[in-house]
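Numbering of the sequence shown is given in my numbering, commencing with residue 61 and proceeding in unit increments.
Notes follow the structure.
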Amino acid sequence: MDEGSIVTYGKKHISFWSLDQSGALSKRLGIFGDREKPKYVTCIAFTPSGDVLSGDSNGNIIVWGRGTNSIVTMVTKVHDGPIFCLCVLRDGSIISGGGKDGVIKQLDNNLEPTGNERKKVQDWEPVSSRIKSANVVLLVEKVTLIQVHPPTEDSCVMEVEQFYSDLTQVIDKNIVI
């Protein structure tokens with residue numbers, strides 16, 4: 061992902077925002093083309109090369125090219141139901157978590173299933189109504205997935221501050237260097 065770029069997503073959309081040198085913000089909607097537009101884009105992650113991965117309510121993973129609003133590739137039906145979490149590991153492989161099927165799956169950096177799946181998480185913690193974390197062990201690596209629903213611009217300042225305080229605590233607790 062390029063500096064000065066922001067990605068937002070939600071009901072029937074993903075948007076790619078760019079901040080130019082003068083501070084002006086421009087928006088480009090993701091182009092689904094002839095592909096079925098999902099009811100919801102539910103999560104995103106970033107690859108080391110700067111591409112954006114999105115998970116959707118149909119159980120699909122879409123790769124959006126770095127700096128574009130176009131689909132590079134799409135893997136359909138990774139999960140039975142929505143994908144709620146995507147995480148790119150250091151080796152470039154991808155962890156995806158589905159809701160309806162309750163499975164956490166690992167895909168290689170070419171989006172091919174590795175066969176490494178878990179139907180149950182090791183443990184999980186509901187941090188707040190906006191933050192949940194789950195620990196799963198894939199092969200020999202422990203991975204913590206953190207799902208967040210950040211406050212909107214209509215939220216009060218105290219709610220926003222509490223959200224970021226909670227999120228910082230979860231990250232600090234789970235980071236291993």
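Virtual Cβ for every residue (Gly too), placed ideally from N, Cα, C.
Note that the structure is predicted; figures quoted are calculated from it, not measured.
Query	Result
Rounded to the nearest angstrom, what separates Thr-69 and Gly-162 at their Cα positions?	What sits at residue 69 in the sequence shown is Tyr, not Thr. Looking at the two C-alpha atoms, the distance is approximately 23 Å.
Apply the 10 Å Cβ neighbour rule to Gly-110 and answer buried if 16 or more other Cβ atoms are within range, or exposed otherwise.	exposed
Taking DSSP as the reference, what is the three-state secondary structure of Phe-76?	strand
Pull up the distance between the alpha-carbon of Asp-140 and that of Leu-79, whole angstroms please.	37 Å
Among residues of its own chain, excluding the 5 on either side of Val-208, which ones have a beta-carbon nearer than 7 Å to its beta-carbon?	Arg-190, Ile-191 and Leu-227
Scan the region 201-234 and note each continuous beta strand (DSSP E) run of 3 residues or more that stays entirely inside, going in chain order.	201-208
At 3 residues or longer, and completely inside the region 82-145: list those beta strand (DSSP E) runs for me, N to C.	85-89, 101-106, 112-116, 121-124 and 131-135
Would a C-beta distance cut-off of 9 Å place Asn-169 and Thr-212 closer than the cut-off?	no
Which residue's Cα is closest to the Cα of Pro-72: Lys-97, Asp-62 and Arg-88?	Checking the sequence shown, residue 72 turns out to be Lys, not Pro. The option with the nearest alpha carbon to Lys-72 is Lys-97.
Which residues in the same chain as Lys-137 place their Cβ atom closer than 8 Å to its Cβ, once the five residues preceding and following it in sequence are excluded?	Asn-118, Gly-119 and Asn-120
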